[in-house]
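Numbering (my numbering), first residue to last: -10 to 755. Below is one structure, written out as structure tokens; the observations come after it.
If you want it as structure tokens, here you go:
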């Protein structure tokens, strides 16, 4: 309670009343005995509004309201791009789901999870288990532990069913350049990354995902989500989506504007489709929220359409049922595009999904219940609150040509989900105010070309000079382009080669944490040849894509990005605020000078790096994997003779431990495993994050007990398995421990505090 509120409370208290005394603060009378009073799931204005708009089919209103009052079922998605997805699905179906059969919790029968009928390959499931029951019930402890651990490992994502729809309708492929405009917290972004890595044999897909969010703190949650998938093709940036800068890339020595093949535009909304999980919406709901958000949503969608390549696809979505945030935005965008955009018919793309077609007629209501059917009816005093773009087009032919019925509205009672709205737009040609797209050719053209394009945005108007441009707020196309021009005029080529630092404070205010620069390793850097020799890297290894996060001192971590993201980073460091990109592939050893190579392999990037490594690979058996993951520093003699014969002749240092499945033994683990390890004097240690260890052990069919204070998991019935090495193995243990850098075994990213706190908030959701 704040100081002022306390003061008011004391002033209101009768004279002489004490805490808990009559007349002062009887908590029972104040309704405090049972904690917070339960929110009543009633809102007459909400019901009146949507009944009038007829968004629900006739005769289904009671079912619709009953569904909204029920808690939302838990849903989970198995990440589809990893080769382990089928093994996780097999483990879920044959072990954890079977244990839920005939189980009762608090008198409620637990329904066995069912696959979402419309999600491909049975990779998404829903259950009637609420989060509260999952956390509190002793019978479900194993299942809950499994969900938390696999979520942290990036193998399972807890995601609302309807939020899985936009990435599926985006229909992204590995070669697509994708922009996620309002990406946090990142569940949809992870789906897009999976689509890029559909073919796991290709370590660097041609495409990439640029994930943006306006909130600096939420960007770190986004980083945490994306990091779980260990992709070199994701970049997290921090901008206002309505004025996200236009980027340029180098194409054959010429600078060209970057247009995206796919754009996900999941805009901020009033969220009345989330009433089942955000029960605060029941008492806070008013039409004013939608009226205030409409303009922002339209600006974001417009900015997305401008950055879409001709022939590209953009998905606009909200978790709101309100046509002011949904069809009104789409209709206005289609009208101002003058035929450049059209709604795609996606009715057959997700068989099994139930949806309602978009509305073609709707009215606008104020927060006090006053209705307006058209802009002409709105009094002048309301013109700041209600805008013409909120109404359907009056021209019947134009309205019909828009095909607003192609929009999808998901109603909660049809498939026991949240409420949602999706529209899929295809770009046929440049937007009318941007017909003459600037062509950037060389340094001189970089200053000249932007001036050739018309500065008039969707709302019209021109800008006269840099000083005027700097004063203008970035609200539309013209303003965003103006900002870009100002930056181009100010850029005097002061950027160092290969260094992508944060933008100067004059051009963009830095909110939140100041990021370290992204510095690409120069070709002649003496740091790389010892690494190349030690691991016998293939000549095709893209060394130009290696970067570090420091310009001075020792380079402690080496990261890797795809060549396409390298191109984006190098050509836009002055105009984009990058929060995070790249995956960690090597870490410096604390005593690296004693060994032939100062850098050890990092588990985070091993699946990207492994195809290029030709040396220091030890093939291990399934039994070896079990020993390596449950014992701290197993002696060579504990491992198979085949493993020992490979390890004994290797010099001390980092190694790759590879398990190849045996197709003749279908009952054993059928996905390959690649682990980072350390070959000590007489033992081998693995450097694998705790949750990843648990994941591999579960996939091997072993019962795992996660102990909070132990880094190593303990197998059920094997209390000694997780204990450290015996005294006579102390020297081997010391070798490995000294070799490890401080982040060994954590798999975490070294960047600042916010990332460290993000996993806690994610786990709390479970």
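Backbone N, C-alpha and C fix where the C-beta goes; we use that ideal spot for every residue, glycine too.
The beta-carbon separation of residue 271 and residue 572, rounded to 43 angstroms, does not stay under the 8 angstroms limit for a contact. Residue 293 is a Cβ neighbour of residue 252, given a cutoff of 8 angstroms. In the DSSP assignment, residue 613 falls within the alpha helix (DSSP H) that extends over 611 to 619.
Taking 8 angstroms as the cut-off, the beta carbon of residue 62 is found no closer than this to the beta carbon of residue 86. The beta carbon of residue 227 lies closer than 6 angstroms to those of 205, 208, 566 and 568 in the same chain, with the five residues before and after it left out. According to the DSSP secondary-structure assignment, residue 346 is paired through a beta bridge with 397.
Straight across, the Cα-Cα distance linking residue 337 with residue 44 is about 22 angstroms.
Cα atoms of residue 244 and residue 51: separation of roughly 58 angstroms, rounded to the nearest angstrom. A distance of 8 angstroms or more separates the beta carbons of residue 397 and residue 415. Between the C-alpha atoms of residue 295 and residue 560 there is a straight-line separation of about 20 angstroms. Counting the other CB atoms within 10 Å of its CB gives residue 372 a total below 16, which places it among the exposed residues.
Take residue 260, set aside five residues on each side of it, and the residues of its chain with a beta-carbon closer than 7 angstroms to its own are 267, 270, 308 and 309, in chain order. Exclusion of the five residues before and after residue 65 leaves 114, 145 and 147 as the residues of its chain whose Cβ lies within less than 6 angstroms of its Cβ. The C-beta distance from residue 602 to residue 526 rounds to 7 angstroms, short enough to meet the 8 angstroms contact threshold. In this structure, residue 319 lies away from residue 353, with their beta-carbon atoms at least 8 angstroms apart.
Around the CB of residue 540, fewer than 16 other CB atoms lie within 10 Å, so the residue is classed as exposed. For the set 612, 632, 621 and 670, the Cα lying nearest the Cα of residue 658 is the one of 612. Look at residue 539 here: in three-state DSSP terms it is coil, with no helix or strand label. CA-to-CA, the gap between residue 557 and residue 236 works out to about 7 angstroms. Here residue 182 really is in contact with residue 218; their C-beta atoms are around 5 angstroms apart, less than 8 angstroms. Taking a C-beta distance under 8 angstroms as the contact criterion, residue 286 and residue 314 qualify as a contact pair. Of the candidates 225, 592, 129 and 331, 225 places its Cα closest to the Cα of residue 170. With fewer than 16 neighbouring CB atoms inside 10 Å of its own CB, residue 281 falls in the exposed class.
Beta-carbon to beta-carbon, residue 288 and residue 231 are separated by about 4 angstroms, close enough to satisfy the 8 angstroms threshold.
Selection 93, 157, 644 and 279 evaluated against residue 677 yields 644 as nearest (Cα-Cα).
Taking the C-beta atoms as reference points, residue 543 is found nearer than 8 angstroms to residue 577. Exposure of residue 369 is indicated by the presence of fewer than 16 other C-beta atoms within 10 angstroms of its C-beta. In the three-state reduction of the DSSP assignment, residue 44 falls in the coil class, being assigned neither a helical nor a strand state. Three or more Cβ pairs closer than 8 angstroms define a contact, and the region 122 to 141 falls short of that threshold against the region 389 to 396. In the DSSP assignment, residue 305 falls within the unbroken beta strand (DSSP E) covering 297 to 307.
In this structure, residue 164 lies near residue 194, with their beta-carbon atoms less than 8 angstroms apart. With distances taken between CA atoms, residue 515 lies nearest to 587 out of 505, 179 and 587. Residue pairing by DSSP puts residue 104 in a beta bridge opposite 114.
Counting along the chain, the unbroken beta strand (DSSP E) around residue 416 starts and ends at 409 to 416. Residue 668 carries a strand assignment under DSSP once its states are collapsed to helix, strand and coil. Per DSSP, the continuous beta strand (DSSP E) segment holding residue 331 begins and ends at 330 to 332.
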